[in-house]
Amino acid sequence: MVRSQHRDLLKIRISGLSNGLHEYHFSSDPSDIGLGSNFTAPVEVNAALDKSSRQMYLKASVQTSGLFACDRCVEEFEQLLEGSYSMLYVYNEYELGNREPAEVQVINPDAVYIDLTEDVRQMTLLSVPLKLLCKEDCKGLCPQCGTNKNIRTCACSEDHADPHRERDIRIIEQMNKESSHAKP
Ligand SMILES: [Zn+2]
Ligand SMILES: [Zn+2]
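Residues 98 to 281 (my numbering) make up the sequence shown, in order.
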């Protein structure tokens, strides 16, 4: 897979690392960590790793931006994306306790690196808002004539306007598009 080509970009060398707090900064090209071309800015990661002899606790914040189509007016716009996550690395599964699988990873005591790539990639995808609006008060498209009402007003009657129906159609179209992309 092409996506794994530059996997070492988001790796922290833990072999020989002293106990205590260590800070890191990474800047990765989105395509190098398996993100689509709609992510337009380098993925900036600030990470703090607190290491002890039995475990390591990582806190990471992720920032980038992407181009998305507005849910209401379909215009493309740039959205700043920010997220953060924490991860506990333990050396054997007895340390797992009752923690959520998403919060803890078991690593080999002889591991040279921990790889943040997949967690950062997922965090970036999760930071995309469910509702994508070019601006909070976007007026959307006229459901009758398709005019972008942010740009000009049309002569259509407001009475027949049903923005919800329009939006549902767009979501269905989007889903069809995505599922056809998913096919090999
Ligand atoms: Zn809009
Ligand atoms: Zn209209």
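Virtual Cβ for every residue (Gly too), placed ideally from N, Cα, C. Since this is a predicted model, take the numbers as computed values, not measurements.
Which of helix, strand or coil DSSP assigns to residue i
| i | result |
| --- | --- |
| Thr-161 | strand |
| Ile-109 | strand |
| Tyr-191 | helix |
| Gln-271 | helix |
| Ser-181 | strand |
Chain-order list of residues whose beta-carbon lies under 6 Å from that of residue i (same chain, five-residue window excluded)
| i | result |
| --- | --- |
| His-122 | Asn-143 |
| Ala-138 | Thr-161, Ser-162 |
Ligand 2 heavy atom lying under 7 Å from the CB of residue i
| i | result |
| --- | --- |
| Cys-253 | yes |
| Cys-170 | no |
| Cys-235 | no |
Alpha helix (DSSP H) segment containing residue i, residue limits
| i | result |
| --- | --- |
| Val-217 | 214–223 |
Candidates the options: closest to residue i by CA position
| i | options | result |
| --- | --- | --- |
| Asn-116 | Arg-169, Tyr-191, Glu-172, Tyr-154 | Tyr-154 |
| Val-209 | Ser-150, Asn-195, Ser-112 | Ser-112 |
| Asn-189 | Pro-198, Glu-197, Cys-242, Asn-205 | Asn-205 |
| Arg-218 | Glu-120, Ile-109, Asp-126 | Asp-126 |
| His-119 | Ser-224, Asn-247, Ala-145 | Ala-145 |
Residues near residue i by beta carbon distance below 7 Å, same chain, minus five either side
| i | result |
| --- | --- |
| Cys-231 | Cys-167, Cys-170, Glu-172, Phe-174 |
| Asn-135 | Gly-163, Leu-164, Phe-165 |
Closer than 7 Å: residue i CB and nearest ligand 1 heavy atom
| i | result |
| --- | --- |
| Glu-120 | no |
| Leu-230 | yes |
| Asn-247 | yes |
Enclosing beta strand (DSSP E) for residue i [first to last residue]
| i | result |
| --- | --- |
| Glu-141 | 140–148 |
| Leu-201 | At residue 201 the sequence reads Val, which differs from the Leu that was named. 201–203 is the span of the beta strand (DSSP E), which, as asked, contains Val-201. |
| Phe-123 | 117–125 |
Other residues of its chain near residue i: CB distance less than 8 Å, five sequence neighbours each side excluded
| i | result |
| --- | --- |
| Ser-183 | Tyr-154, Leu-155, Lys-156, Ala-157, Glu-200 |
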